[in-house]
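Below: the structure, in structure tokens.
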Amino acid sequence: MGSILEIRNLTKKFGQFTALNDINLSVQPGEVYGFIGPNGAGKTTTIRILLGILKATSGSAVIFGRDVWKDAVEIHKHIAYVPGDVNLWPNLTGGEVIDLFVRLRRSKSQNRKKELIERFDLDPTKKCRAYSKGNRQKVALIAAFSAEADLYILDEPSSGLDPLMEKVFQECILELKKEGKSVFLSSHILQEVERLCDKVSIIRDGRVIETGTMQELRHLTRTRISVETERPIEGLVSNPSVHAIRRENRGLVFAVDTKDLNSVITFLTGFGITKLECSPPTLEDLFMSHYQNVRG
Amino acid sequence: MFANSFTLCRFIFRRDWLHSLLWFAGILALVVGFGSGISAMYPDQTSLDVMLETLKSPAMVAMIGPAYTNADGVFTLGAMYSVYMLVWSAIIVGIMNVFLVVRHTRRDEEHGRIEVIRSLPVGRLSNMSATLTAAVILNTALALLIGLGLGAVGERGMDYAGGLLFGAAICSFGLAMAGVTAVLCQLNKNPNAAMALSFGLLTLLYLLCAVGNVQENEPLVAVSLLGLLLQAKIYVDNNWLPVIITLIVALALSAVAFYLCSIRDMGEGLIPSRPGRNDAAPYLKSAVWLAWRLLRAPFIIWALVVPVLGIAYGSVMGDLEAFLKTNEIFMQISGGDPMRMASFFLLVMSICSAIPVLQYILKARGQEKRGYAENILARSVSRHSQLGGYYIISIIGAVIMPVLNAVGFWAGSATVMDNPVPFGKWLLGCVLYTPALLFMTGIAAALIAYLPRLTGLAWGYLGFSFAVLYLGSLFDIPEWVGKLSPFGHIPVLPKVEGLGATATYEISAGELATLVVMTVLAAILSVLGFIGYRNRDMKFD
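Sequences listed follow chains Z and U, in order.
172 is the number that my numbering gives to position 162 of the first sequence; each next residue is one higher, with no gaps.
491 is the number that my numbering gives to position 232 of the second sequence; each next residue is one higher, with no gaps.
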């Protein structure tokens, strides 16, 4: 079976402004795909094109082998979506909105609604006017997870949730993963992407600047090392694979290109290591390095 | 309690300056514009005397209020201007004030903006006092500009004293509406409910004024405020007392609003909100039904308001009948076509019916703009059904509202006429406007598709239709200007012979063709609208 979602050379212009510039990516069945980037990078625009809400200027976007613009209605029968900014009708209750959303997908499974309302701890009898941002987010999430979809498109879905609810959300995603569903998750919460996603694309200024599995992307990055030694360390500054050295407490903190980890540690042992901390690169580091590269 | 009100008030002007400027320009163009043209339209006393006979008709008394003459029994140009312009100008200024107050109190509160403001060193009532101060400043400035404008134009006998009183009269009514709206905003946390209640009250005041004036019922006239202000007899007696009373009413209402605001919690209404439904009603299962769910309340409200308007206007028909029997001059100037006055009512009612018709279809754009439509389109719903729900309800409105007009008008007129006109004839007179209403829906659909950020133009077009056809009936606006509006093409109760049960009319082939062409144009605009909506990006705010 081919990809669930395939974007090729996608470009979107708003007047003179190029919001998306030649985007390519593909999501395989059963994959949880992370889509990360700073605000205004083009994440939401990409998702709105995938949903047939915006029309691509050029390039193609295909879900389940169908064109996202022409066959939107058909595709949406098998998609669940959570928008980044959940706007709900102020005079409908949360319960009404969830029911409406489930019915609009023409799926009949109602049984999960009650269970999810309990898990997310939502009062469905309140009018949406009275909900906080987090509660509106819950309404959208409950509606999405109630759906028996094949692809879940989630646009910064956990923004506004408290840590407890964030955990419930992550559990729901991992359950979907177990069931073999595909998820397209846009986020700027990096721990979330790190924990949930198999594959990641980084978008900045409307361009995808990096794509790969979490494993592959880590190779491109540096390891953060915090070290204390018996004798003062000399000659580290001249090592080309060591970056951003600074003094902290009685030792040094720096980043090292992961491929040169072995030689740097060997070098350090010569000064008598008393304390060594090695932290794996977070997506934050990865992201920051790209952020700076592209800017510079 | 009121700390920093002045700073907040300046902030209101910073946010609103363009908005206020457009309102000012519109109102001044209407009020001063007609003030400057009136002398040429009524060049001598004879033309004014003829007009006086028309204005004595109960139909005109209901529509605009009673005409008055000076101590020598002369109907002056100033009196003509003031009686013709006062009520409707005051209503327009009232609408401006309702929007102003709702926008800066309840609407801001709903959007959480007041919360941010209240976290700063401002008092609990500062926002309310800033809003009402802004209303005072705006209305005072508008009154002065109108007074100076009318004075500067200086048509025969229209002096600064009268001009300023005219400005003060309509703007004092504006302040009273600001006060009422401020009170109504405290009741419920829903800004739309506050807006609907305020406009409902404004309609009620107008109907009280109409019925009170026709029946010469003093208490009704006084309560309506609009009727009270007419008794200022501007340009003749220049009586300031009604303006002072109106300002006292405005002050009292503001005090009530301050009190109610001080005893409620922020974000809440005095009427607590009840828990709603746990599940959606079984019918709520498609985009079309969602449109109905969202428009249900306004649909029911308009389905009640429209016949009430018909009853109020219809109840004037008895007086009109008696008036026609005794007034030969009027028979002459109306060219032996006495039903022209009744058809003027039908025109005004039909234009009012276009308000809900436009409101229903334009809701589609509101849903898109606020991001609600995204929720729907992300599910298995086509663009056609998303727009279609609002479109269908608008079309149903365009078909039903004229029938309701006829029902109300018939009910109102049948009880008071010696020789009632049968329902079927009123029905025909009202239903003739359906193609014009369908055309308005078509225009709105096309705007939503091709100029989504300028859908307000549809309201402008309706306002233009009202201005040229309402004012054009008395002022000599060239016929082609009226023809720019769909309502200007509708045959005006054609070929009427006699009044009462004997009245007969038929539609000529040419008129029928006009109606068919208009319906076809409405259909073409609609189809283009649906095609355009299918093929464009959704546009968010």
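Every residue, glycine too, gets a C-beta built ideally from N, C-alpha and C.
These figures come from a predicted structure and were not determined experimentally.
{"Asked": "For the stretch 276-362 of chain U, list the alpha helix (DSSP H) runs that are entirely contained and at least 4 residues long, ordered along the chain.", "Found": "304-315, 317-323 and 336-361"}
{"Asked": "Taking C-beta pairs closer than 8 Å, name the residues in chain B that Phe111/Z reaches, listed in chain order.", "Found": "Looking at the structure shown, chain B is missing, and the protein chains on hand are Z and U."}
{"Asked": "Run through chain Z and tell me which residues come within less than 8 Å of Met797/U, C-beta to C-beta.", "Found": "Arg58, Ile63 and Leu64"}
{"Asked": "According to the Cβ coordinates, are Ala546/U and Ser644/U closer than 8 Å?", "Found": "yes"}
{"Asked": "Taking all protein chains shown into account, decide if Asn525/U is buried (16 or more other Cβ within 10 angstroms of its Cβ) or exposed.", "Found": "It should be noted that the sequence gives Met, not Asn, for residue 525/U. By the 10 Å Cβ count, Met525/U comes out exposed."}
{"Asked": "Can you pull the chain Z neighbours of Glu475/U, defined as C-beta to C-beta under 8 Å?", "Found": "Simply none; closest approach about 43 Å."}
{"Asked": "Can you list, in chain order, the residues of its chain whose CB lies under 7 Å from that of Lys136/Z, leaving out five sequence neighbours each side?", "Found": "Thr103 and Gly104"}
{"Asked": "Check the C-beta distance from Ala389/U over to Tyr572/U and give it rounded, since I have them as a contact under 8 Å.", "Found": "Incorrect: roughly 40 Å between the Cβ atoms, too far for contact."}
{"Asked": "Just curious, the alpha helix (DSSP H) that Lys684/U is in, first and last residue?", "Found": "Phe682 to Val690"}
{"Asked": "Determine, using beta-carbon pairs with one atom in the stretch 566-582 of chain U and one in the stretch 654-667 of chain U, whether at least three such pairs fall under 8 Å.", "Found": "yes"}
{"Asked": "With a threshold of 8 Å on Cβ separation, who are the neighbours of Arg523/U within its own chain once the five nearest residues in sequence on each side are excluded?", "Found": "Gln445 and Leu529"}
{"Asked": "Enumerate in chain order the residues of its own chain whose CB-to-CB distance from His198/Z is below 8 Å, with the five nearest sequence positions on each side excluded.", "Found": "Ile46, Gly47, Pro48, Asn49 and Glu166"}
{"Asked": "By how many angstroms is the C-alpha of Met224/Z removed from the C-alpha of Leu20/Z?", "Found": "24 Å"}
{"Asked": "At the 8 Å Cβ level, is Leu164/Z part of the contact set with chain U, yes or no?", "Found": "no"}
{"Asked": "Would you mind stating whether Pro100/Z and Cys138/Z have Cβ atoms separated by less than 8 Å?", "Found": "yes"}
{"Asked": "For the stretch 54-74 of chain Z against the stretch 501-513 of chain U, are there 3 or more C-beta pairs whose distance is under 8 Å?", "Found": "no"}
{"Asked": "According to DSSP, Ser6/Z sits in a beta bridge with which residue or residues?", "Found": "Because chain Z spans 11 through 306 in this model, residue 6/Z falls outside it and cannot be assessed."}
{"Asked": "In the DSSP assignment, find the unbroken beta strand (DSSP E) run with Phe194/Z in it and report its ends.", "Found": "Ser192 to Ser197"}
{"Asked": "State the Cα-Cα distance for the pair Asp538/U and Glu106/Z, rounded to the nearest angstrom.", "Found": "5 Å"}
{"Asked": "Which word fits Cys182/Z, buried or exposed, when buried means at least 16 other C-beta atoms lie within 10 angstroms of its C-beta?", "Found": "buried"}
{"Asked": "Closer than 7 Å by C-beta to Cys288/Z: which residues in its own chain qualify, once you throw out the five before and the five after it? Chain order, please.", "Found": "Thr233 and Ile235"}
{"Asked": "If distances are taken between C-alpha atoms only, which option among Trp347/U, Asn398/U and Met417/U comes closest to Leu466/U?", "Found": "Trp347/U"}
{"Asked": "How should Arg113/Z be labelled, buried or exposed, when 16 other C-beta atoms within 10 angstroms of its C-beta is the threshold for buried?", "Found": "buried"}
{"Asked": "Expressed to the nearest angstrom, what Euclidean distance is found between the alpha-carbon atoms of Ser513/U and Ala556/U?", "Found": "28 Å"}
{"Asked": "Where do the N-terminal and C-terminal ends of the beta strand (DSSP E) with Leu15/Z fall, by residue?", "Found": "Leu15 to Phe24"}
{"Asked": "Identify each residue in the stretch 71-85 of chain Z for which the Cβ-Cβ distance to at least one residue of chain U is less than 8 Å, and report them in chain order.", "Found": "Ala82, Val83 and Glu84"}
{"Asked": "Whole angstroms are fine: how far does the CA of Leu200/Z sit from the CA of Ser142/Z?", "Found": "24 Å"}
{"Asked": "At a Cβ threshold of 8 Å, is Pro134/Z touching chain U?", "Found": "yes"}
{"Asked": "Does the Cβ of Gln727/U have 16 or more other Cβ atoms within 10 Å, making it buried, or fewer, making it exposed?", "Found": "The displayed chain sequence assigns Val, not Gln, to residue 727/U. Answer is buried; the Cβ neighbour count reaches 16."}
{"Asked": "Any C-beta of chain U sitting closer than 8 Å to the C-beta of Thr221/Z?", "Found": "no"}
{"Asked": "Kindly confirm or deny that the stretch 676-686 of chain U and the stretch 645-654 of chain U touch, where touching means at least three C-beta pairs closer than 8 Å.", "Found": "no"}
{"Asked": "Secondary structure at Leu487/U, three-state DSSP: helix, strand or coil?", "Found": "helix"}
{"Asked": "List the residues of chain U whose Cβ lies closer than 8 Å to the Cβ of Pro167/Z, in chain order.", "Found": "In chain order: nothing, as chain U lies at least about 13 Å away."}
{"Asked": "Measuring only the C-alpha atoms, how far is Met676/U from Phe604/U?", "Found": "16 Å"}
{"Asked": "Mind reading off the beta-carbon distance from Gly294/U to Met355/U? Whole number of angstroms is fine, and I expect it under 8 Å.", "Found": "Rounded, the Cβ-Cβ distance is 19 Å, inconsistent with contact."}
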